[in-house]
Amino acid sequence: MSEKLMVKGTEAIAEAAIRAGCRNYFGYPITPQSELAEYMSRRLPQVGGTFLQAESEVAAVNMVYGAASTGKRVMTSTSSPGFSLMQEGISYIAAAQLPCVFVNVVRGGPGLGDIQPAQSDYFQATKGGGHGDYRLIVLAPSTLQEAVELTYLAFDLADEYRNPALILADGLMGQMMEPVEFPEFRDLKTLPKHEWALTGCNEREPNKVTSFNIDPYELEKMNKVYQEKYLRIIKKEKRWENYMTEDAEYLFVAYGTMARIIKTVVRKAREEGIKAGLFRPITLWPYPYEELHELSEKVGFVLTVEMSAGQMIEDVRLAVSGRTKVFFYGRTAGVIPTPNEVLEELKKKIGMVKV
Amino acid sequence: MGTKKLNTTVEVITLKLKSSDFGNERIFIFLGPFGSGKTELSINFALWRKKLNKKVSIADLDIISPYFRVRDHIDFLSKKDITVIAPPKEFMHADLPIIPPKIMGYITNTDYELIMDIGGENDGAMVLGMLKDHLSEFGYTCFAVLNTRRPFYRNEDSILELLDRLQSSAKIKINYLINNTNIGKETTVDLIEEGEDLLKKVSEKSGIPIAFSVIPDFLDSEILIGSEKKFFRIKRFFSNDQIDQEV
Amino acid sequence: MPARGYIEINADKCKGCGLCISFCPQKLIRFSEKFNTKGYHPAEFHDPQKRCIACGFCYQMCPDSAITVYRFKGVTQNV
Amino acid sequence: MIKEMFLKKPKSLSEKEFTYCPGCHHGIVHRLIAEVIDELNIREKTIVVAPVGCSVFAYEFFYLDGTVAPHGRAPAVATGMKRALPDRIVFTYQGDGDLAAIGTAEIIHAANRGENITTIFINNAIYGMTGGQMAPTSLIGMKTTTTPYGRDPKKDGYPIHVCETLQNMKGVAYLERLTVSSPQEVIKAKKSIRKAFEAQINQIGFSLIEVLSTCPTNWGMTPVEAIKWLKENMVKEFPLGVFVDKTKGVN
Chain X
6 MSEKLMVKGT
16 EAIAEAAIRA
26 GCRNYFGYPI
36 TPQSELAEYM
46 SRRLPQVGGT
56 FLQAESEVAA
66 VNMVYGAAST
76 GKRVMTSTSS
86 PGFSLMQEGI
96 SYIAAAQLPC
106 VFVNVVRGGP
116 GLGDIQPAQS
126 DYFQATKGGG
136 HGDYRLIVLA
146 PSTLQEAVEL
156 TYLAFDLADE
166 YRNPALILAD
176 GLMGQMMEPV
186 EFPEFRDLKT
196 LPKHEWALTG
206 CNEREPNKVT
216 SFNIDPYELE
226 KMNKVYQEKY
236 LRIIKKEKRW
246 ENYMTEDAEY
256 LFVAYGTMAR
266 IIKTVVRKAR
276 EEGIKAGLFR
286 PITLWPYPYE
296 ELHELSEKVG
306 FVLTVEMSAG
316 QMIEDVRLAV
326 SGRTKVFFYG
336 RTAGVIPTPN
346 EVLEELKKKI
356 GMVKV
Chain Z
991 MGTKKLNTTV
1001 EVITLKLKSS
1011 DFGNERIFIF
1021 LGPFGSGKTE
1031 LSINFALWRK
1041 KLNKKVSIAD
1051 LDIISPYFRV
1061 RDHIDFLSKK
1071 DITVIAPPKE
1081 FMHADLPIIP
1091 PKIMGYITNT
1101 DYELIMDIGG
1111 ENDGAMVLGM
1121 LKDHLSEFGY
1131 TCFAVLNTRR
1141 PFYRNEDSIL
1151 ELLDRLQSSA
1161 KIKINYLINN
1171 TNIGKETTVD
1181 LIEEGEDLLK
1191 KVSEKSGIPI
1201 AFSVIPDFLD
1211 SEILIGSEKK
1221 FFRIKRFFSN
1231 DQIDQEV
Chain L
-8 MPARGYIEIN
2 ADKCKGCGLC
12 ISFCPQKLIR
22 FSEKFNTKGY
32 HPAEFHDPQK
42 RCIACGFCYQ
52 MCPDSAITVY
62 RFKGVTQNV
Chain S
329 MIKEMFLKKP
339 KSLSEKEFTY
349 CPGCHHGIVH
359 RLIAEVIDEL
369 NIREKTIVVA
379 PVGCSVFAYE
389 FFYLDGTVAP
399 HGRAPAVATG
409 MKRALPDRIV
419 FTYQGDGDLA
429 AIGTAEIIHA
439 ANRGENITTI
449 FINNAIYGMT
459 GGQMAPTSLI
469 GMKTTTTPYG
479 RDPKKDGYPI
489 HVCETLQNMK
499 GVAYLERLTV
509 SSPQEVIKAK
519 KSIRKAFEAQ
529 INQIGFSLIE
539 VLSTCPTNWG
549 MTPVEAIKWL
559 KENMVKEFPL
569 GVFVDKTKGV
579 N
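Structure representation (structure tokens):
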């Protein structure tokens, strides 16, 4: 670790990627994450890397496909409408089992929406978005330091499982500034060797990277490989945080920036004698269902708070499986719920439950 | 945007500066790299000038940043009787590089002091190019705001190179450096001094004097007493404190 | 004039498109009476009078790389 | 008399049998590319990017490392590869729908960037894979399954001229339109494909060879008739020739 720097979220993620060994970036500008591309355009040439501003997100994601198929560490970043455009390529990349990292700095939607922070791309991130049965490893940081650590981790997970990973942030995380310590530069020689990579068939049989098989039985075999892999990921890679849940009577569930605001709410609630706690999923896929289920059995109700009209709440309901009531509070279109506003909501729900 | 709602309380700022410290010009321009603290400083500077009983206007000329702009504090500033020159309300959150046309009027209106918050790097500074004739006619003081704990500008050479680049893009001269070295709420006096030491070297080489160092509101102002250095104590408008409130 | 070479047609690769037949300047290729494994009548080399000049036109036009052309050494020719 | 093998299947073609219809020119062009790769001795550092279309399996037909791009995106995929591994040889193989309809943006920008890749573009004026629908390059009046009354420019627009569109792009190093409809033209085409690959090897920019090709199946003709039709109709709409050649004097 080095000394602390004051960085923006987009810069934190970009620098962390470079330190993780990413030397290839392809992207297309879109607010509120263009600084990530700008940072890369400035920084990658300094470390012998490649930055390319593509003609569209569609082209960018396919450049990622190409670079990833050579076994090199590669990433792209975008914001909601841009991520929609990338879905085609993401589906192919997942099927071709290519490791790479995506960043979606979510803004208010749907449609062109606005440029303010939102969490309304949860479905798209965790339930597909593209075609076919595939999964992305989805990591949702809540502070910039965590964004650095999860970005670094995302490359390792992508390599280990030959699967694309996604950093799901929101506009506020992308734009806010915080002090951050960066990890050391990964020695590129220590990065995993990929036997499957397309590098030219020098002294070996040719490698083929594909995302299809027109024989349904063969394609089903490919699908089974994906599904087995996803099961391994579910088993090993779930991450979450419990905040003041030990004695909690009311449980918040929130992720990313919203979870951070909820921590304030939990402290405020406890100041007033209300025993609140927070369950914060860090991996949105795989989702920590069992861990949340266990906690939910001990509380009066669960209150899910999102900067959306209610998306993660569907996973919360699956986890809780009817063991307790599940409420929702959310703001959309880039409006960030304030701690007091959420605290009022908590009190309202307590009143409702008691009646 | 939501952060606006998160910042509600405002303290009176304490200062150790005299109104005449930066000459007699009435236009103050704040330039610098991305995220060096220009906007926060511009707002605080405007508050200070207001306290000196001036008629104050502040112009949001940030065509670069999508968030954390002067326009996010328009209500608060208006209440303090500071005129905010920003894009029209309907475009306030638009992702468009809008230069408010009113700016010309406030450059030429000698009743008002004008504080100009410019977007990051030379790309942001470019907007000054179109105003340069008016600016040189009416006179100005230009500050370069620097945080030596930001990426890319952590040594003498890179800062000197930046100053050249800013001046050639903005087509105006930088009169002062401001040491805004900080790492948010973890900022210490030692850290601020570390920045000042580096900027002193830059100052010697460039011939541009240091105006002052910025001290955040949460640091004990005791350190200012007896110091020969010039400090500017600011209220932090764009901190994450409201998100991570201590109870 | 002796043959300058000859060709071999991989009958199972041949799809019977007939391009080699139509471009052979010596007219030495024809459709076989037999079917190949794909069910096509493959092209067949027929050169009883040893007139093949090994020009390679059949090879150049074959879309399935089913033709190999052999040349006899010491026999010069111009294509 | 001693016999020697004079012409045989090149090493850079795999043993896999082509999936193409009888008489389809894809096979001829595949072989030419493979011969060029053999002759330039670059097989072990060449990567093929196949398209979506009839040649979707092209990556299997070459004895090379290879992949299939999403429809139209081959130039972007190849760009990613080439930027990650600048010393490898990367080529895309694309049809008219892939390159000139859905992938128009990708090919134009790859060409304009002067991306050091080579594209072999097969233009047969029709969609083969999906069953004979109109292609961006279908001729005016041409009947297809989606232009049953013939292509009407008022409704369907005009045939797109790819070489003419790309020729003013500064990043293009070699650009030629040709056919493989006679042995002489096949031999000539091989020289041109070689030039295109050499342009990449010498890093002078983007190279593209457009091959006017037949689609006997969807044109409803015998392979021999199709060649005649191509010469009489397609060549008129799409004139042959070298559009850009910056390879001279570069070695």
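Heads up: the sequence lines are chains X, Z, L and S, in that order. Residues 6 to 360 in our numbering are what the first sequence spells out, letter by letter. Residues 991 to 1237 in our numbering are what the second sequence spells out, letter by letter. Residues -8 to 70 in our numbering are what the third sequence spells out, letter by letter. Residues 329 to 579 in our numbering are what the fourth sequence spells out, letter by letter. Ideal Cβ placement from N, Cα and C applies to all residues, glycine included. Computed from a prediction, not measured in an experiment: that's the story for all the values here.
| Asked | Found |
| --- | --- |
| Please report the distance separating the alpha-carbon of X/ARG47 from that of X/LEU57. | 11 Å |
| So the alpha helix (DSSP H) X/GLN92 belongs to, where does it begin and stop? | 85 to 100 |
| Can you have a look at X/SER125 and say buried or exposed, based on whether 16 or more other CB atoms are within 10 angstroms of its CB? | buried |
| Just to make sure I have the definition right: I need the residues of chain X whose C-beta is within less than 9 Å of the C-beta of Z/ILE1233. Which are they? | LEU177, MET181, THR262, ARG265, ILE266, LYS268, THR269, ILE341, PRO344 |
| Roughly how many angstroms lie between the CA atoms of X/GLY76 and X/VAL69, to the nearest whole one? | 11 Å |
| I want to see whether chain X comes within less than 9 Å of Z/SER1055, judged by CB atoms only; does it? | yes |
| In angstroms with no decimal places, state the Cα-to-Cα distance between S/GLY399 and S/CYS382. | In the sequence under discussion, the amino acid at residue 399 of chain S is His, which differs from the Gly named in the question. About 12 Å. |
| Check whether the segment 111 to 120 of chain X and the segment 168 to 186 of chain X are in contact - that is, three or more C-beta pairs closer than 8 Å. | yes |
| At 8 Å on the CB atoms, spell out the chain Z contacts of X/LYS295, in chain order. | Lys is not the amino acid found at residue 295 of chain X; the sequence shown has Glu there. The contacting residues do not exist; X/GLU295 stays about 29 Å from chain Z at best. |
| Quick one: does X/MET417 have its CB under 9 Å from some CB of chain S? | Nothing can be reported for residue 417 of chain X, as the shown portion of chain X is limited to 6 through 360. |
| Excluding sequence positions up to five away, which residues of its chain have a Cβ less than 6 Å from the Cβ of L/ARG42? | GLN17 |
| Which residue comes first and which comes last in the beta strand (DSSP E) that contains Z/ILE1233? | Z/ILE1233 -> no beta strand (DSSP E), and no H or E assigned at all. |
| Tell me the rounded alpha-carbon separation between X/ASN228 and X/LYS280. | 46 Å |
| Would you please verify whether the beta carbon of L/LEU10 is less than 9 Å from any beta carbon of chain S? | yes |
| Comparing the C-beta of X/THR379 with each C-beta of chain S, is any distance below 9 Å? | Only positions 6 to 360 of chain X appear in this structure, which leaves residue 379 of chain X out of reach. |
| If contact means a Cβ-Cβ distance below 9 Å, which residues of the segment 35 to 49 of chain L contact chain S? | ALA45, CYS46, GLY47, PHE48, CYS49 |
| Is it a yes or a no for the segment 1150 to 1167 of chain Z touching the segment 1028 to 1038 of chain Z, going by three-plus beta-carbon pairs under 8 Å? | no |
| Step through the CB atoms of chain S and report whether any lies within less than 9 Å of the CB of L/GLY(-4). | yes |
| Just confirm the distance between the C-beta atoms of Z/ILE1017 and Z/TYR1130, as a whole number of angstroms; I'd bet it's less than 8 Å. | 4 Å |
| Going by Cα to Cα distance, which pick from S/CYS491, S/PHE389, S/ILE330 is closest to S/ALA428? | S/CYS491 |
| Can a CB atom of chain X be found closer than 9 Å to the CB of S/ILE436? | yes |
| Under the rule that 16 or more other beta-carbon atoms within 10 Å means buried, what is X/ARG209, buried or exposed? | exposed |
| Leaving aside the five residues before and after Z/PHE1227 along the sequence, list all residues of the same chain whose C-beta is less than 7 Å from its C-beta, in chain order. | ASN997, GLU1030, ILE1033, HIS1063 |
| Does the Cβ-Cβ distance between X/VAL79 and X/CYS105 come in under 9 Å? | yes |
| Comparing the C-beta of L/GLY30 with each C-beta of chain S, is any distance below 9 Å? | no |
| Beta-carbon within less than 7 Å of X/LEU348's beta-carbon, same chain only, minus the 5 sequence neighbours each way: which residues are those? | VAL270, LYS273, ALA274 |
| Considering only residues of the same chain and omitting the five flanking positions on each side of X/ASN29, which have a CB-CB separation below 6 Å? | THR55, ALA72, LYS77, VAL79 |
| Taking X/GLU16 as the query, report the chain Z residues whose CB atoms sit under 7 Å from its CB, ordered along the chain. | PRO1141 |
| Taking DSSP as the reference, what is the three-state secondary structure of X/SER125? | coil |
| Let me know if S/HIS437 comes out buried or exposed under the rule of 16 or more other beta-carbons within 10 Å of its beta-carbon. | buried |
| Just verifying my parser: in three-state terms, what is the DSSP assignment at X/SER326? | coil |
| Taking only beta-carbon positions, decide if S/HIS489 is within less than 9 Å of chain L. | no |
| Reducing DSSP to helix, strand and coil, say where S/GLN495 ends up. | coil |
| For S/LYS331, go through chain L and note every residue whose CB falls closer than 9 Å to its CB, in chain order. | GLY(-4), TYR(-3), TYR61, ARG62, PHE63, LYS64 |
| With 16 other CB atoms within 10 Å as the buried threshold, where does S/GLU434 fall? | buried |
| Taking Cβ positions, are X/TYR33 and X/SER74 nearer each other than 9 Å? | no |
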